[in-house]
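In this note's numbering, each residue's number is its place in the sequence shown (first place is 1) plus 121.
We put the CB at the ideal spot given by N, CA and C, even for glycine.
Here the structure is laid out as structure tokens; the discussion comes afterwards.
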Amino acid sequence: MGKRKAEETNPVVIAIQMEKDGIAFYTKASRKTKNPFGKQMFLSLVEDEKNHLKLLDEILAGQKPVKPKRPAGPGFRTRASSIFREVTGNVKKKLDSNPSDVEAVKIAMDMEDRGFKHYDLHAKTAADPARKALFARLAREESDHWTILEDTHLYLTDPTTWHYRQNPPLLDGGGSAS
């Protein structure tokens, strides 16, 4: 098999290209969106994808993959939750959703889904325990990204339902204190 064919089937090479595509897309989306939450969310995704790319580049460069450590600071899910709280602090002031913002989130969801499937497959099939652990970690992070993007899609397309899910009514059982 030629070098080019081997590169096309190498899961690390494929993953590196996926991460580069993600960085390019999220950077462009962060510049295009008028929505402050969307801008912060896309920039946060850029940082996560850069971290993924760094890990994958190290493996491709022949460095022995080390057991991945969680980066310092809050994870993507925590950062996204914080951004949601900040943006929805004044829920009465609804942010306009630009149809291109909604489309960007749908594209991002598809990209994260494909990334998850790629990493999940290789987490299950990698022979090297360190690669297996790295692919499993990346699969979890892509899954977290997808979940946040799904939540964002609901926020942009149906903010009332989104707010209701974030703040469900409290039911006290209907009994009276006598």
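Between the CA atoms of residue j and residue i - distance to the nearest angstrom
i           : j           : result
residue 273 : residue 226 : 7 Å
residue 180 : residue 134 : 10 Å
residue 281 : residue 290 : 13 Å
residue 162 : residue 131 : 30 Å
residue 136 : residue 177 : 7 Å
residue 138 : residue 263 : 15 Å
residue 154 : residue 166 : 14 Å
residue 147 : residue 284 : 25 Å
residue 150 : residue 278 : 17 Å
residue 236 : residue 168 : 16 Å
residue 171 : residue 252 : 18 Å
Which of helix, strand or coil DSSP assigns to residue i
i           : result
residue 172 : helix
residue 145 : helix
residue 244 : helix
residue 282 : helix
residue 236 : helix
residue 157 : helix
residue 351 : The shown model of the chain, from 122 to 299, leaves out residue 351, and the question about it has no answer.
residue 249 : coil
residue 290 : coil
residue 182 : coil
C-beta contact flag for residue i and residue j at 8 Å
i           : j           : result
residue 260 : residue 240 : yes
residue 159 : residue 222 : yes
residue 244 : residue 257 : yes
residue 144 : residue 174 : yes
residue 267 : residue 233 : yes
residue 270 : residue 229 : yes
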